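Remarks on the structure that follows.
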Amino acid sequence: MSEAHFEANGGNVAVFDTHPSEVIAAESPLHWSRERGLVDDVAGHDGDVKVVERPFLGHLILRGGAITLDEAVRAELGISLPGKPLGLNVDADGSRSVQWLSPDEWLVIVPGGEEFELENRLREHLGDAHFAIVNVSGGQTLVELSGDKARELLMKSVTYDVHSHGLPVGKAVGTVFAKTSVVLRRPNETGFELVIRRSFADYCVRWLLDAGREYGLRVESPSSR
Amino acid sequence: MFYIFCPYCDERREEEEFHPSGQAHLVRPTDPESVSDEAWGDYLFFRDNPRGIHHEMWVHRLGCRKFFNITRDTTTYEILETYPMGEQPTITAETARVRREQGVQTADGGWQTVGAQPENSTLNEETSS
Ligand SMILES: [Zn+2]
Chain C
24 MSEAHFEANG
34 GNVAVFDTHP
44 SEVIAAESPL
54 HWSRERGLVD
64 DVAGHDGDVK
74 VVERPFLGHL
84 ILRGGAITLD
94 EAVRAELGIS
104 LPGKPLGLNV
114 DADGSRSVQW
124 LSPDEWLVIV
134 PGGEEFELEN
144 RLREHLGDAH
154 FAIVNVSGGQ
164 TLVELSGDKA
174 RELLMKSVTY
184 DVHSHGLPVG
194 KAVGTVFAKT
204 SVVLRRPNET
214 GFELVIRRSF
224 ADYCVRWLLD
234 AGREYGLRVE
244 SPSSR
Chain H
4 MFYIFCPYCD
14 ERREEEEFHP
24 SGQAHLVRPT
34 DPESVSDEAW
44 GDYLFFRDNP
54 RGIHHEMWVH
64 RLGCRKFFNI
74 TRDTTTYEIL
84 ETYPMGEQPT
94 ITAETARVRR
104 EQGVQTADGG
114 WQTVGAQPEN
124 STLNEETSS
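Chains as they are written, first to last, in our numbering: chain C, 24 to 248; chain H, 4 to 132.
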């Protein structure tokens with residue numbers, strides 16, 4: 024683990040890079056399920072639904088006033104803060120996103136390894152403004168659902184209306200998923216994304232496998248970073 | 004199943020995403036040291052239990068996780084309005100009574116409960132007679 028840094032934000036906040044050094048193997052929230060043979064390596068498996076984890080991404084929670092944060096996020100990340108509730112803004116190649124979570128809370132997801140540097144740049148940019156940034160990368164993971172039956176699978180799993188008129192591209196909602204909570208995102212036309220909590224990851228995987236059995240569903244994840 | 008309108012998410016959501024959190028608009032005594040035991044006890048433990056219009060705090064626990072207020076009829080379970088924290092209700096027991104006496108449906112245009120309008124208008128007519 025890297026040394027804690029106290030420079031940012033007038034020295035009041037301890038920030039540190041949560042990525043372990045290379046010698047320590049990182050384990051994604053689906054690790055437990057993988058150990059039990061429920062998750063395969065990414066193999067481009069054919070089925071009507073495909074579920075692929077995107078492990079080790081950088082997840083940051085931003086809290087504060089919309090105008091202040093919008094200015095900082097546009098300057099440092101090049102994406103504007105979603106102006107409306109339930110908004111999801113994704114950059115051109117789809118690898119970085121900013122999502123509305125509540126009136127004073129946004130979720131930023133960036134490629135793994137970028138989050139520490141981004142956090143520091145945002146802290147520097149925001150200076151003395153009233154805000155909070157929390158790195159939650161270790162507590163949750165992103166899972167992509169695609170394929171012809173992805174919507175049908177979700178209809179069995181969430182209470183939310185997942186038809187395009189209820190969940191169009193660029194919308195993201197927190198909702199009930201099989202009695203637990205997930206963040207359900209629609210970043211593009213081709214599929215859906217779920218942000219699931221680490222402590223519920225195995226439960227969610229087992230649910231997806233069960234609900235997707237009729238579609239030949241497999242859960243895939245890269246075996247290493 | 005109810006659909007409840009979350010004033011922060013700005014749309015109707017399944018009841019399952021919400022949790023009730025008791026009576027709304029409770030004001031904590033500004034100087035707890037100087038209030039009587041009775042007043043403090045009232046604030047801590049005693050809640051209204053009206054038959055009819057009630058203002059409650061709810062939390063959108065699986066959505067935006069924010070608290071907000073609901074004006075609800077405890078006899079019909081009808082949700083008359085939802086509004087953010089810090090705001091006051093537009094429908095109270097008093098306004099509801101006046102509107103009923105004038106033959107005006109209580110929640111004109113503000114139906115929060117899908118499919119509830121026909122049923123509830125019958126119930127309202129029964130209670131007013
Ligand atoms: Zn909400």
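Where a beta carbon is used, it is the ideal one built from N, C-alpha and C, also for glycine. Predicted, not measured: the structure shown is a model, and the values here were computed from it.
Exercise for review: Return yes when at least one heavy atom of ligand 1 lies under 8 Å from the C-beta of S24(H), else no.
Suggested key: No; taking the cut-off as 8 Å, the Cβ of S24(H) has no heavy atom of ligand 1 nearer than that.
Check your understanding: Is the beta carbon of Y11(H) within less than 8 Å of some heavy atom of ligand 1?
Key -> Checking the Cβ of Y11(H) against ligand 1 gives yes.
Review point. To which residues does DSSP link W123(C) through a beta bridge?
Key: Looking at the DSSP assignment, W123(C) forms a beta bridge with W129(C).
Check your understanding: Run through DSSP, which three-state label would A110(H) get?
Key -> Any answer about A110(H) is weak, because its pLDDT of 48 lies below 50 and its placement is not dependable; what the coordinates show is given next. In the three-state reduction of the DSSP assignment, A110(H) falls in the coil class, being assigned neither a helical nor a strand state.
Review point. What residues in its chain sit with their C-beta under 8 Å from that of R229(C), if we drop five residues either side in the sequence?
Key: Excluding positions up to five away in sequence, the list reads S56 and L61.
Practice item. Count the other CB atoms, across all protein chains shown, that sit within 10 Å of the CB of D64(C); report buried if there are 16 or more and exposed otherwise. Key: That one is exposed.
**Study point:** Proximity below 9 Å, CB of L83(H) to CB of T77(H)
**Key:** In this structure, T77(H) does not lie closer than 9 Å to L83(H) by Cβ.
Exercise for review: Compute the distance between the beta-carbons of L145(C) and W123(C), then report whether it is under 9 Å.
Suggested key: The beta carbons of L145(C) and W123(C) sit no closer together than 9 Å.
Point to revise | Positions along the segment 184–208 of chain C whose CB lies within less than 8 Å of some CB in chain H | key: Going along the segment 184–208 of chain C in chain order, one finds V196, G197, T198, V199 and S204 with a Cβ nearer than 8 Å to chain H.
Review point. Run through DSSP, which three-state label would G87(C) get?
Key: G87(C) falls in the strand class under three-state DSSP.
Check your understanding: S44(C) by DSSP, collapsed to three states: which one?
Key -> If DSSP states are grouped into helix, strand and coil, S44(C) belongs with coil.
Practice item. Decide if the segment 145–156 of chain C is in contact with the segment 69–87 of chain C; the criterion is three or more beta carbon pairs, one per stretch, under 8 Å apart. Key: The answer is yes - the segment 69–87 of chain C touches the segment 145–156 of chain C, with three or more Cβ pairs under 8 Å.
Exercise for review: Report whether the distance from the Cβ of S125(C) to the nearest heavy atom of ligand 1 is below 8 Å.
Suggested key: Yes, the beta carbon of S125(C) sits closer than 8 Å to at least one heavy atom of ligand 1.
Exercise for review: Please list the partners that L111(C) has in chain H, where partner means a Cβ-to-Cβ separation under 9 Å.
Suggested key: None at all; the shortest Cβ gap to chain H is about 13 Å.
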